[in-house]
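J.: Right, I'll just put the structure down here and ask away after.
Put into structure tokens, the structure is as follows:
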């Protein structure tokens, strides 16, 4: 992780949507930010670059959906390919974080908060990204 102060942004990359979360400047708290359409890819990449610039992000964290036994499966390969396209466009460090079961945890949390199903569907990816980011921030302390 960058030793430089500043915000950390996390991505939960899916085939249709990309959840985005952002830390506060002190890197203590992760919050859901937005959900981006994953296609067309060029538009998604531009949107991520804009968010990185606008929020002065100094580190990017990307959830890597490993299989339950810890292997890199088809979905993790897609995420790695996405990062391979993003990496030459940004000049900040990128870290992968194991994101197994974060979507399940996000769904459970939103149910507990009594969020309506249609609102859960709209925000599930950014909430999952915030869980990924909070796990990362906690591990850095």
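Numbering (the numbering used here), first residue to last: 707 to 847. Beta carbons are placed, not taken as given, at the ideal position from N, Cα and C, and that holds for glycine.
Taking 8 Å as the limit between beta carbons, can you name the residues of its chain near residue 751, skipping five residues before and five after?
T.: Here residue 751 refers to the residue found at position 45 of the chain shown. Once the five neighbours on either side are set aside, the close Cβ partners of residue 751 are 791, 792 and 795.
J.: Whose C-beta lies closer than 7 Å to the C-beta of residue 728 among residues of the same chain, with five residues either side of it excluded?
T.: Reading the chain shown from its first residue, position 22 is the one you call residue 728. Taken in chain order, the residues that qualify are 713, 715, 737, 739 and 761.
J.: Does the beta-carbon of residue 797 have 16 or more other beta-carbons within 10 angstroms, so that it is buried, or is it exposed?
T.: Here residue 797 refers to the residue found at position 91 of the chain shown. Its Cβ having fewer than 16 others within 10 Å, residue 797 is exposed.
J.: Does the beta-carbon of residue 847 have 16 or more other beta-carbons within 10 angstroms, so that it is buried, or is it exposed?
T.: Residue 847 sits at position 141 when you count from the first residue of the chain shown. So residue 847 counts as exposed.
J.: Is the distance from the Cβ of residue 771 to the Cβ of residue 781 below 8 Å?
T.: Here residue 771 corresponds to residue number 65 of the chain shown, with the count starting at 1. Here residue 781 corresponds to residue number 75 of the chain shown, with the count starting at 1. Closer than 8 Å, so yes.
J.: For residue 824, count neighbouring C-beta atoms within 10 Å of its own C-beta (all shown protein chains included) and say buried if the count is 16 or more, exposed if not.
T.: Indexing the chain shown from 1 puts residue 824 at position 118. By the neighbour-count rule (16 or more Cβ atoms within 10 Å), residue 824 is not buried but exposed.
J.: Relative to the alpha-carbon of residue 711, which residue among 725, 834, 753 and 766 has its alpha-carbon at the smallest distance?
T.: One-based indexing of the chain shown puts residue 711 at position 5. The option with the nearest alpha carbon to residue 711 is 766.
J.: For residue 817, collect the residues of the same chain with a Cβ closer than 6 Å to its Cβ; drop the 5 residues on either side in sequence, then sort them by chain order.
T.: As a working note, residue 817 is residue 111 in the chain shown. Answer for residue 817: no residue qualifies.
J.: Can you tell me the Cα-Cα spacing of residue 707 and residue 759, whole angstroms?
T.: As a first step, residue 707 is located in the chain shown; it is residue number 1 there, counting from the start. As a first step, residue 759 is located in the chain shown; it is residue number 53 there, counting from the start. Its pLDDT being 46, under 50, residue 707 is placed unreliably by the model, and the measurement read from it follows with that caveat. If I take the Cα positions, the gap works out to 18 Å.
J.: Ignoring anything shorter than 4 residues or poking outside the region 741-824, list the alpha helix (DSSP H) runs there in chain order.
T.: DSSP runs (the alpha helix (DSSP H)) wholly in the region 741-824: 747-760, 780-792 and 808-818.
J.: Should residue 833 be labelled buried (16 or more other beta-carbon atoms within 10 Å of its own) or exposed?
T.: Start at 1 with the first residue of the chain shown, and residue 833 comes out as number 127. Buried is the call here.
J.: For residue 835, list the residues DSSP reports as bridge partners.
T.: In the chain shown, residue 835 corresponds to position 129, counting from 1. Bridge partners of residue 835: none, in fact.
J.: Locate the beta strand (DSSP E) running through residue 720, then write down its first and last residues.
T.: Here residue 720 refers to the residue found at position 14 when the chain shown is read from its first residue. No beta strand (DSSP E) contains residue 720, which DSSP labels as neither H nor E.
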